[in-house]
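For what it's worth, numbering that gives the first Met the number 0 labels the leading residue of the sequence shown as 0, then goes sequentially. Taking it in order: structure first as structure tokens, then the write-up.
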Amino acid sequence: MSAMDSALRRVRLVVAYDGGAYHGFARNPIVPTVANTLERVLSLICRLPVEVVGAGRTDAGVHAWGQVVSADVPADLDLVDVQRRINKMCGPTLVVRTAEWAPTEDFHARFDAIWRHYRYTILNSPTPNPFLAATTWHVRHSLDLRLMELATDPFVGEHDFASFCRKPRLEDGRKPRSTVRRLLIAEWSDLGDGLLRFDIRANAFCHQQVRAIVGTLVEVGLGKRKAGEMAALLRARDRRTAGQVAPAVGLCLWEVGYPELGTPGPRRRPKAEREKPA
């Protein structure tokens, strides 16, 4: 923020939204997105153009509970009133959970983040549930959660996830971005009633990485792949070797971490719980 913008102050918002109502986070002049919506409403409230930055650029259909957004707004704004007005104009598909002044004047929601935590939810049941259809992937056939847990273990730590990342389209002369990421947490939970939750946390994720990992693990759970294949898939660094991309509907950006929250170390299941996969 420059001296010319001294009447402005950076705000940090924690935003939740129903991904089904938006064509992703990033601004788009043609279709409604989360960034478009927030910028339009904030510009109305502030009576000046406002641009937002998000910690995670979620795809179309992907939900968020803990998306973090930064923006420069007039320093004399009442943030309680800002939160109330945004929620009135955008709710219930998009709401601001918290609004506070950023810890530093150069705070950046994306570049200052040190980890992102996503949750993916599966309904493993012969029968769909209409009340969960908007937030879960319905898998009809029975999944072997034990095998899925075994297959998950090799992902924790630092690896090249090229086999699980959508290959970007590159302009002439541009080098591909690194697909090396450090996974801190990757674990499954059985919530009962057929609901399975996958929690995954990393310093960053490449495009469609979480959904490709989930899709591959579901293939393991269905018996279409062996649990012991994951290390070989990582070594292959070839997207064609891994499984399908899971639907966006089950994915949610759950939380974003910043330096004041610390960086947890990699977390695997206790060794006693792990078995050598067949």
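Where a beta carbon is used, it is the ideal one built from N, C-alpha and C, also for glycine. On a predicted model such as this, the values are computed, not experimentally measured, just so you know.
Can you tell which of the options has its C-alpha closest to the C-alpha of residue i?
{"i": "Ser188", "options": "Ile199, Gly90, Ile212", "result": "Ile199"}
{"i": "Leu149", "options": "His158, Glu186, Ser141, Thr134", "result": "Glu186"}
{"i": "Trp64", "options": "Ala235, Met88, Asp17", "result": "Asp17"}
{"i": "Leu250", "options": "Gly60, Cys164, Asn202", "result": "Gly60"}
{"i": "Leu221", "options": "Ala54, Leu144, Ile113, Val10", "result": "Leu144"}
{"i": "Leu41", "options": "Ile184, Met147, Leu76, Asp58", "result": "Leu76"}
{"i": "Ala74", "options": "Ala6, Thr57, Arg165", "result": "Ala6"}
Just mark residue i as buried or exposed, buried being the case when its beta carbon has 16 or more other beta carbons within 10 Å.
{"i": "His176", "result": "The displayed chain sequence assigns Arg, not His, to residue 176. Burial call: exposed."}
{"i": "His116", "result": "buried"}
{"i": "Val68", "result": "buried"}
{"i": "Thr126", "result": "exposed"}
{"i": "Pro258", "result": "exposed"}
{"i": "Asn128", "result": "exposed"}
{"i": "Ser162", "result": "buried"}
{"i": "Leu216", "result": "buried"}
{"i": "Ala231", "result": "exposed"}
{"i": "Ala70", "result": "buried"}
{"i": "Leu190", "result": "exposed"}
{"i": "Asp237", "result": "exposed"}
{"i": "Asp111", "result": "buried"}
{"i": "Ile29", "result": "exposed"}
{"i": "Met88", "result": "exposed"}
{"i": "Val179", "result": "exposed"}
Using 9 Å as the threshold, is the C-beta distance between residue i and residue j below it?
{"i": "Phe24", "j": "Ala15", "result": "no"}
{"i": "Gln82", "j": "Leu252", "result": "no"}
{"i": "Ile121", "j": "Phe204", "result": "no"}
{"i": "Gly55", "j": "Arg109", "result": "yes"}
Note down, in chain order, each residue of its chain lying with its Cβ closer than 7 Å to the Cβ of residue i, except the 5 sequence neighbours on either side.
{"i": "Val244", "result": "Gln207, Arg210, Ala211, Gly214"}
{"i": "Pro31", "result": "Tyr21, His22"}
{"i": "Asn27", "result": "Asn35"}
With a CB to CB cut of under 6 Å and the five nearest residues on each side skipped, what residues in its chain are close to residue i?
{"i": "Glu218", "result": "Arg224, Gly242"}
{"i": "Leu12", "result": "Val68, Val95, Ala98"}
{"i": "Lys275", "result": "At Lys275, the pLDDT of 48 sits below 50, so the modelled position is not reliable and the matter cannot be decided from this model."}
{"i": "Leu37", "result": "Val51"}
Just to confirm, does residue i get its C-beta within under 8 Å of one of the non-hydrogen atoms of the ligand FAD?
{"i": "Val49", "result": "By its list of ligands, the structure shown contains no ligand whatsoever, and the ligand FAD lies outside what it can speak to."}
Are the segment 96 to 105 and the segment 41 to 60 touching by the rule of at least three beta carbon pairs closer than 8 Å? no
At a cut of 8 Å, does the segment 121 to 137 reach the segment 149 to 168 through at least three beta carbon pairs? no
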